[in-house]
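In case it helps, our numbering puts the sequence shown at residues 6 to 139. Heads up, the beta-carbon is just placed ideally off N, CA and C, and yes, glycines get one too. From a predicted model like this one, the values you see are computed outputs, not experimental measurements. All remarks here apply to the structure that follows.
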Amino acid sequence: MSSIFTKIVNREIPAYIIAEDDKYLAFLDINPLAKGHTLVIPKKEVDYIFDLDDETLTGLWLFAKRVAKAIDQYTKDVAIRTGVAVVGLDVPHAHIHLVPISNVADMNFAKPKLKLDPKEFESIAEGIRSFLKK
Numbered sequence: 006m007s008s009i010f011t012k013i014v015n016r017e018i019p020a021y022i023i024a025e026d027d028k029y030l031a032f033l034d035i036n037p038l039a040k041g042h043t044l045v046i047p048k049k050e051v052d053y054i055f056d057l058d059d060e061t062l063t064g065l066w067l068f069a070k071r072v073a074k075a076i077d078q079y080t081k082d083v084a085i086r087t088g089v090a091v092v093g094l095d096v097p098h099a100h101i102h103l104v105p106i107s108n109v110a111d112m113n114f115a116k117p118k119l120k121l122d123p124k125e126f127e128s129i130a131e132g133i134r135s136f137l138k139k
């Protein structure tokens with residue numbers, strides 16, 4: 006059975022897409038720790054990030070770096086930088102969390118998630134995408 010992320014890749018379910026190429030996809034987390042919390046995935050479905058082949062793993066991190074720099078620009082007035090986490094427990098598809106943070110407590114995945122409406126998600130996605138174009 007396909008993971009929820011593979012369903013996003015295949016456009017079977019909607020997502021707020023930030024960036025995409027032929028191998029990788031970045032989209033907003035629908036249960037974000039902060040505005041701009043983004044997930045970066047390989048399109049190839051592999052459960053554990055360290056089971057990715059070296060080329061895919063390297064490419065994933067380079068793709069994530071590009072997205073993180075755009076998040077940094079978008080959130081520069083409210084966050085110091087973009088934090089990174091690889092947890093790998095909730096969805097059986099390798100993924101990287103990019104979370105705007107000002108301190109380490111901002112990366113606490115046990116804290117309550119933000120509740121955003123679709124207009125807020127789309128506004129955030131467009132804002133981050135605008136920095137990818139520069």
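My output table needs one value for residue i: the three-state DSSP class, helix, strand or coil.
i    : result
T43  : strand
T61  : helix
P123 : helix
T80  : coil
By Cβ distance below 6 Å, which residues in the same chain neighbour residue i in space, the five residues on each side in sequence not counted?
i    : result
I85  : S107
N36  : K118
V91  : I54, I101
G132 : Y79
What is the rounded straight-line gap between the Cα of residue i and the Cα of residue j?
i    : j    : result
K120 : T87  : 20 Å
H102 : H42  : 7 Å
V14  : A130 : 16 Å
S8   : L44  : 14 Å
T80  : L137 : 13 Å
D77  : M6   : 35 Å
V109 : E60  : 30 Å
D82  : L65  : 27 Å
L57  : I22  : 22 Å
Apply the 10 Å Cβ neighbour rule to residue i and answer buried if 16 or more other Cβ atoms are within range, or exposed otherwise.
i   : result
F68 : buried
I18 : exposed
A31 : buried
A39 : buried
F10 : buried
D34 : buried
A73 : buried
Short check: CB of residue i to CB of residue j, under 8 Å?
i   : j   : result
Y53 : G93 : yes
H98 : E50 : yes
Between residue i and the rest of its own chain, which residues show a CB-CB distance below 7 Å, the 5 nearest in sequence each way excluded?
i   : result
V96 : S8, I9, F10
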